[in-house]
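J.: Just so you know, the sequence shown maps onto residues 1 to 330 in the UniProt record's numbering. Just so it is clear, CB atoms sit at the ideal spot from N, CA and C, and this is done for glycine as well. Since we're looking at a predicted model, the values are computed, not measured.
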Amino acid sequence: MRLRAGQLWPGPASPARPGAPAAGAERGGSLCLTLGPRSRGPCLSLPESPLGIMGGPWALLAALWALGDIGAAGLRIGAFNIQSFGDSKVSDPACGGVIAQILAGYDVALVQEVRDPDLSAVSALMEQINSVSRHEYSFVSSEPLGRDQYKEMYLFVYRKDAVSVVDTYQYPDPEDAFSREPFVVKFSAPSSAKELVLIPLHAAPHHAVVEIDALYDVYLDVIDKWGTDDILFLGDFNADCSYVREEDWAAIRLRSSEVFKWLIPDSADTTVGNSDCAYDRIVVCGARLRRSLKPQSAAVHDFQEEFGLDQTQALAISDHFPVEVTLKSH
C-alpha cells in the first residue's frame with residue numbers, strides 16, 4: 001500500500017483516505033513470551049537478538065511495556081529520535097522489533113530522523129507495532145523537510161482508542177528559522193487533557209539556539225490559528241553541551257518566559273553513547289495542560305537498561321533515548 005506524507009494511516013485492512021483515519025477492528029489477544037523466532041498473530045514475541053538475551057523479569061517488563069500495561073493510568077507521550085530511521089533499520093530484527101515495542105508503550109509518540117519518503121518503512125513499523133500491542137495504532141506524518149537534499153520527516157504514532165487527530169498544519173516558517181519546520185498536530189484526548197497541541201522540533205545542531213528560540217513564534221502562531229495554549233513542545237532540540245551553552249539560555253524566549261515549563265532538566269542525559277547531554281526535551285505550557293501533568297512522570301526512557309542491551313546493541317537502535325511524560329486521567 002502506497003501512502004502520502006501528511007496522511008493518516010488507515011490500518012492494515014482499510015483503503016487509505018487522505019485527512020481522516022479509517023475505522024478498524026479492535027485488536028485483542030493474549031501475551032506470549034517467546035524468546036526465539038518471532039511468532040505470528042496477536043501474541044508478543046521477543047526475538048533472539050537482542051531481546052533474547054533477556055530473561056525472567058526483564059522479558060516480562062519489556063512485554064508489559066509494549067502491551068501498555070505499565071503505568072496504565074494516564075496518557076503516555078514520548079519523543080524518540082531514531083537515528084536514520086528507514087527501511088534497513090525497521091527490517092533488521094535486532095532493531096525493528098525493539099523499536100516497535102518501545103513505541104507501543106506510548107499512547108502518542110513523536111519519531112524523528114525519519115528518512116522514508118515513500119513511507120515503506122513507516123508502514124512496516126506500523127505492522128510491527130500492531131503485532132506486539134493489544135491496542136490498534138495509527139500515524140500521521142509530515143512531508144520530507146529540509147533546506148537541501150538531506151530531508152527528514154516528523155512522524156506521530158498514536159493509539160487509536162486513546163487519542164484522535166483533530167487537525168494538522170505545517171508551520172510556514174516565514175523567517176526561515178528552522179531546518180525542519182515543525183509539523184503541528186492537535187490531538188483529542190478525552191480521558192486526560194481533552195485537547196492538546198504537539199509541536200515537534202529536531203533542531204539543526206549548530207543552529208539550535210535560533211531554532212529553539214523560534215519555537216516561541218510557533219507558539220504565537222498556534223494561539224492565533226487554533227485559539228489554544230495547551231501545548232507540548234518535544235523532540236531533539238540539541239539543547240545542551242556545545243550546541244546550547246549556559247550563556248545562550250537568556251536569548252531563548254521559550255526558556256526565559258515563565259509561560260513555559262521545561263520538564264526534562266539540563267542535568268539529564270538523553271544520549272546512548274558516552275556523552276552526557278540533555279539534547280532531547282519536553283516543554284509544556286497552558287494552564288489546563290499543566291494541571292494534567294502526572295507529577296514526576298517526565299523522564300528519560302533508558303531502553304538499554306530496560307531491555308538488557310549492551311551499548312553496541314543500543315546504539316544500533318539509536319544514539320538517543322526517548323523522553324516522555326504522562327498526563328493524568330480524569
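Taking contact to mean 3 or more Cβ pairs, one atom from each stretch, closer than 8 angstroms, check whether the region 129-138 and the region 222-229 are in contact.
T.: Cβ pair count under 8 angstroms is below three, so no.
J.: Work out the CA separation of GLY235 and SER91 for me, nearest whole Å.
T.: Taking the sequence shown and counting its residues from 1, the one referred to as residue 91 is at position 91. Taking the sequence shown and counting its residues from 1, the one referred to as residue 235 is at position 235. Each residue's Cα considered, the two are about 24 angstroms apart.
J.: For LEU145, which residues in the same chain have their Cβ closer than 7 angstroms to its Cβ, ignoring the five residues on either side in sequence?
T.: The sequence position of residue 145 within the sequence shown is 145, counting from 1. The answer, listed in chain order, is LYS151, GLU152, MET153, ARG180 and GLU181.
J.: For GLY86 versus THR326, is the C-beta distance shorter than 7 angstroms?
T.: Counted from its first residue, the sequence shown places residue 86 at position 86. Counted from its first residue, the sequence shown places residue 326 at position 326. Contact flag unset, no.
J.: Where do the ends of the alpha helix (DSSP H) carrying ILE129 lie?
T.: Working through the sequence shown from its first residue, we reach residue 129 at position 129. Residues 120-132.
J.: What does DSSP give as the partner residues of ARG159 in its beta bridges?
T.: By 1-based counting over the sequence shown, the position of residue 159 is 159. Looking at the DSSP assignment, ARG159 forms a beta bridge with TYR137.
J.: With distances taken between CB atoms, is the gap from ASP269 to ASP280 smaller than 7 angstroms?
T.: Taking the sequence shown and counting its residues from 1, the one referred to as residue 269 is at position 269. Taking the sequence shown and counting its residues from 1, the one referred to as residue 280 is at position 280. Result no, Cβ atoms of ASP269 and ASP280 do not sit closer than 7 angstroms.
J.: Would you decide whether ALA250 is buried or exposed? Buried here means 16 or more other CB atoms lie within 10 Å of its CB.
T.: As a first step, residue 250 must be located in the sequence shown, where it is residue number 250. Exposed, since its Cβ has fewer than 16 Cβ neighbours within 10 Å.
J.: Would you kindly report the start and end of the unbroken alpha helix (DSSP H) that includes LYS225?
T.: By one-based count along the sequence shown, residue 225 stands at place 225. Residues 208-226.
J.: Pick helix, strand or coil for PHE237, following the three-state DSSP scheme.
T.: The residue you call residue 237 lines up with position 237 of the sequence shown. Looking at PHE237 - three-state DSSP - the assignment turns out to be coil, as it is neither helix nor strand.
J.: Using only alpha-carbon positions, find the residue among ASP107, PRO265 and ALA278 that is nearest to PHE156.
T.: Position 156 of the sequence shown holds residue 156. PHE156 has its Cα closest to that of ASP107, out of ASP107, PRO265 and ALA278.
J.: Give the DSSP-derived three-state secondary structure of GLU175 in the structure shown.
T.: Position 175 of the sequence shown, counted from the start, is the residue given in the question as residue 175. Coil at GLU175, not helix or strand.
J.: Hey, would you say ALA239 sits closer than 7 angstroms to VAL272, going by beta carbons?
T.: On the sequence shown, position 239 is the one that residue 239 refers to. On the sequence shown, position 272 is the one that residue 272 refers to. No, Cβ-Cβ distance for ALA239 and VAL272 is not below 7 angstroms.
J.: Give the straight-line distance between the Cα atoms of ASP229 and CYS285, rounded to the nearest whole angstrom.
T.: Indexing the sequence shown from 1 puts residue 229 at position 229. Indexing the sequence shown from 1 puts residue 285 at position 285. Distance between the alpha carbons of ASP229 and CYS285: 6 angstroms.
J.: Closest to ASP148 by C-alpha separation, out of ALA204, VAL165 and ASP319, would be which residue?
T.: As a working mapping, residue 148 is identified with position 148 in the sequence shown. That would be ALA204, whose Cα lies nearest to the Cα of ASP148.
J.: TYR158 and TYR171 look like a contact to me (Cβ under 8 angstroms); what is the Cβ gap, rounded to whole Å?
T.: The residue labelled residue 158 in the question sits at position 158 within the sequence shown. The residue labelled residue 171 in the question sits at position 171 within the sequence shown. TYR158 to TYR171, Cβ: 20 angstroms. No contact.
J.: Tell me whether the beta-carbon of LEU119 lies closer than 7 angstroms to the beta-carbon of ALA193.
T.: Translated into the one-based positions of the sequence shown, residue 119 becomes position 119. Translated into the one-based positions of the sequence shown, residue 193 becomes position 193. Not in contact: LEU119 and ALA193 (Cβ atoms no closer than 7 angstroms).
J.: If you measure between the beta carbons of ILE82 and GLU113, is that distance less than 7 angstroms?
T.: Along the sequence shown, one-based indexing puts residue 82 at 82. Along the sequence shown, one-based indexing puts residue 113 at 113. Closer than 7 angstroms, so yes.
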